[in-house]
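Working notes, beginning with the structure itself.
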């Protein structure tokens with residue numbers, strides 16, 4: 028039997044850990060509240076759709092893309108397995124912590140034994156191997172990839188190192204705690220908790236116990252060190268939670284990503300958001316944060332800076348200045364700069380003008396016009412960021428408010444206005460390609476099951492007409 032709060036004491040001082048837990052939860056709630064205020068500086072979200080369907084789609088995506096890691100493993104095995112090890116290892120450790128707390132409190136305050144108590148030694152194997160060891164492998168894989176192999180798409184910042192260091196410290200102090208306890212009790216013949224057979228059920232903790240013993244530590248030394256490491260472990264977890272909540276850094280995607288999945292647009296990937304009734308609009312497109320729907324601001328925080336979108340972007344691959352990863356990160360930085368000023372403006376007062384342009388400075392006009400709207404970035408994103416919506420909203424502003432667009436785009440738009448198609452110089456009409464083919468039209472067959480949509484290029488560009496005729 029493994030004793031709760033061994034060497035710590037309960038209710039004092041061991042019960043202080045139940046103060047650390049709500050403190051950590053309060054930091055998380057406060058950090059989320061601060062970010063939610065930033066998100067709400069955006070415009071109302073127009074296309075929520077029915078909640079029942081939204082929840083059903085979210086649960087399906089959670090099952091396939093979070094629990095099964097479909098999007099992570101599909102394209103790249105190493106980073107996919109790395110993230111799976113981190114996710115499942117930490118999830119198992121969290122389950123172990125919750126279950127241990129339930130077992131202890133049921134016994135302490137209800138005077139009953141929770142059903143899993145009798146299996147505590149055996150479940151220790153699960154927590155040890157499938158929890159701590161698997162998570163440790165994930166941390167090692169992440170550190171190796173980020174600091175040794177260093178793929179070009181990774182943009183390593185200080186927060187990445189701090190996050191990995193925090194995870195490593197939590198795991199290391201956890202295993203050291205277990206090793207010190209095993210060495211001072213289960214492997215100590217004079218202890219009332221002496222049980223060598225039980226020690227082997229926690230193989231990693233057992234290895235730590237043997238290592239510490241091999242360094243010459245006595246059971247008394249292990250017992251004294253255990254108390255110090257126990258409180259250090261609690262402090263690291265609490266401080267790490269506070270850091271993540273205040274910085275809203277890498278690990279914040281544990282909260283932001285599920286919210287982004289829940290509030291993602293109720294449209295198929297790549298379908299553009301309608302602008303609405305032109306007669307009712309006072310401005311066109313997005314010039315500043317309040318012009319973007321708030322769920323797009325949430326998506327900036329959900330982004331993990333992993334670079335999968337960048338690897339799939341044809342604009343980036345072909346040497347254009349657009350990096351979908353960098354664009355979203357730059358928009359997040361702009362949100363962190365601009366949102367506090369918008370929130371500081373009193374109700375009814377006009378907000379102060381931005382210090383720099385969201386469109387030209389934060390995003391960059393060349394980057395915005397480099398996008399082909401192919402949606403490869405959105406399909407590659409493991410947290411379902413919809414890059415195209417933000418890009419199109421800012422391009423709409425440039426085109427319809429500032430009348431600024433690249434020369435080829437301006438020529439195409441002018442031709443559309445004057446001729447009904449974007450191709451200047453063509454002498455063909457829309458039906459010339461049909462000559463000699465006896466192609467039926469919808470006017471002749473209104474009940475036809477299939478429609479062959481030729482479009483401007485297939486009908487009006489001479490080199491493409493031959494392809495259209497063959498089809």
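In the numbering used here, the protein residues as written are 28 to 498.
For every residue, glycine included, the Cβ atom is placed at its ideal position computed from N, Cα and C.
Exposed or buried, residue 480, counting other C-beta atoms within 10 Å across all chains shown (16 or more means buried)? With fewer than 16 other Cβ atoms within 10 Å, it is exposed.
When you compare only the Cα positions, how much space is there between residue 195 and residue 245? Answer to the nearest angstrom: the Cα atoms are 26 Å apart.
For residue 288, which of 205, 326, 268 and 156 has the nearest alpha-carbon? Minimum Cα-Cα distance from residue 288 among the listed residues 205, 326, 268 and 156 corresponds to 326.
Let me make sure I understand the geometry here. Which of 319, 321 and 351 has the alpha-carbon closest to that of residue 330? Answer by Cα proximity: 351.
N-terminal and C-terminal residue of the alpha helix (DSSP H) that residue 118 is part of: From DSSP, the alpha helix (DSSP H) with residue 118 extends over 104-137.
For residue 211 versus residue 218, is the C-beta spacing smaller than 8 Å? Yes, the Cβ-Cβ distance between residue 211 and residue 218 is below 8 Å.
Residue 372, DSSP secondary structure in three states: DSSP places residue 372 in coil when its eight states are reduced to three.
Considering only the beta carbon of each residue, do residue 292 and residue 413 sit closer than 8 Å? Against a cut-off of 8 Å, the Cβ pair of residue 413 and residue 292 comes out as a contact.
Rounded C-alpha distance that separates residue 436 from residue 395: Residue 436 and residue 395: Cα-Cα distance of roughly 13 Å.
Using the C-alpha atoms, what's the distance from residue 344 back to residue 405? Those two C-alpha atoms are separated by around 16 Å.
Closest to residue 410 by C-alpha separation, out of 220, 355, 173 and 389, would be which residue? Among 220, 355, 173 and 389, the Cα nearest to that of residue 410 is on 355.
Residue nearest to residue 429 in terms of C-alpha spacing, selected from 445, 393, 388 and 314: The candidate whose alpha carbon is nearest that of residue 429 is 314.
Coil, strand or helix - residue 179 by DSSP: Coil, per DSSP.
For residue 202, count the other beta carbons within 10 Å of its own beta carbon; 16 or more makes it buried, fewer makes it exposed. Which is it? With a 10 Å radius around the Cβ and a threshold of 16 neighbouring Cβ atoms, residue 202 comes out buried.
So which of 89, 478, 340 and 66 has the shortest CA-CA distance to residue 320? The shortest Cα separation from residue 320 among 89, 478, 340 and 66 belongs to 66.
Can you name, in chain order, every residue of its own chain whose Cβ lies under 6 Å from the Cβ of residue 193, other than the five neighbours on each side? Sequence-distant partners of residue 193 (beyond 5 residues in either direction) whose C-beta falls short of 6 Å from its own C-beta, in its chain, are 267.
Please report the distance separating the alpha-carbon of residue 284 from that of residue 168. CA-to-CA, the gap between residue 284 and residue 168 works out to about 22 Å.
By the three-class DSSP mapping on this structure, what secondary structure does residue 70 have? Residue state, collapsed to three classes: strand.
Is residue 197 near residue 255, with beta carbons less than 8 Å apart? Cβ distance not < 8 Å, so residue 197 and residue 255 don't count as in contact.
Out of curiosity, what's the CA-to-CA distance linking residue 128 and residue 98? Straight-line Cα distance between these residues: approximately 34 Å.
Looking at the ligand GDP, does it come within less than 7 Å of residue 150, judged from the CB to the closest heavy atom? Of ligands this structure carries none, so the ligand GDP is not represented either.
Near residue 370, what residues of its chain come up, given a Cβ to Cβ distance below 8 Å and the 5 sequence neighbours on each side ignored? Taking C-beta separations shorter than 8 Å and ignoring five residues to either side along the sequence, the partners of residue 370 in its chain run 64, 65 and 68, following chain order.
If you reduce the DSSP assignment to three classes, tell me which class residue 380 lands in. In the structure shown, residue 380 sits in coil (DSSP, three-state: anything other than H, G, I, E or B).
Whole alpha helix (DSSP H) runs in the stretch 427-458 with 4 or more residues, listed along the chain? Fully enclosed alpha helix (DSSP H) runs of 4 or longer: 434-446.
What residue from 498, 390 and 489 has the CA that sits closest to residue 478's CA? Measuring from the Cα of residue 478, the nearest candidate turns out to be 498.
Cut-off 8 Å between Cβ atoms - residues of its own chain near residue 182, not counting five sequence neighbours on either side: 332, 334, 352, 353 and 356.
The alpha helix (DSSP H) enclosing residue 270, as first and last residue numbers: Per DSSP, residue 270 belongs to the alpha helix (DSSP H) from 246-274.
Once DSSP output is grouped into helix, strand and coil, what is the label at residue 320? In this structure, DSSP gives residue 320 an extended state, which the three-state scheme calls strand.
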